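Position in the sequence shown (from 1) plus 6 gives the number in this note's numbering.
Ideal placement from N, C-alpha and C gives every residue a C-beta, glycine not left out.
These numbers come from a predicted model, not from an experiment.
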Amino acid sequence: DAVLARGALSRILDFRVLLNQSNVGAYRADGLIVATPTGSTAYSLSAGGPVIDPALRCLLLSPICPHSLFTRPVVFGEESVLQIQAGSSEEGVNSYLTVDGQISIALKNEEPVFCRAASQTAKLLKLKNTNFYEVVNDKLAERRS
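See below:
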């Protein structure tokens, strides 16, 4: 997943999202998560996003603590190109792009970030005959203990 979120100061950010250069909407939130179906069971799920079947090819946009009662996660088709800009009118409020919890990049105010599905796919080896939804339910049950 890719996360665009605030920096050291805990201030809400204003996000602008475009899909294939057309306006999707504006969000006021602590951040936005862009995930694939594989990433839908991680941070996005914790932020209220849906679990997406891994057989689907799509992108998921999940707001983090949105400042609205009506802001919800959105699923986009596999050919989608999302352009996201984070900004703040307050001086000293920065945003960061974090990819898979490993790479963090400081962004300038309203610097565009482009997200799209990779053209390559990865084949994963299954060692057991498991059901995706059983695995998700088991992992979530472990966290309830």
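In the structure shown, T104 adopts extended strand secondary structure according to DSSP, grouped into three states.
Taking a 10 Å sphere around the C-beta of L88, we find 16 or more other C-beta atoms and assign the residue as buried. The criterion of a C-beta distance shorter than 9 Å is satisfied by P72 and Y33.
If only uninterrupted beta strand (DSSP E) runs of at least 3 residues are considered, those enclosed by the region 48-116 are 64-70, 80-83, 87-93, 101-105 and 109-113. Per the DSSP secondary-structure output, N143 pairs with nothing in a beta bridge. Boundaries for R17: no beta strand (DSSP E) harbours it, and the DSSP string shows neither H nor E there. For A41, the enclosing beta strand (DSSP E) starts and ends at G37 to A41. Within the same chain, and ignoring the five residues on either side of P43 in sequence, the residues whose Cβ sits closer than 7 Å to its Cβ are I58, D59, P60, L62 and C64. The three-state secondary structure of S46, taken from DSSP, is helix.
At the C-beta level, R17 and V99 come within 9 Å of one another.
A128 and E97 have their C-alpha atoms spaced approximately 42 Å apart. Here the C-alpha atom of G93 lies approximately 26 Å from the C-alpha atom of A124.
Put simply, the backbone Cα of D20 is about 44 Å away from that of N135. Ranked by Cα distance from I39, the first of L51, V30, Y139 and N29 is L51.
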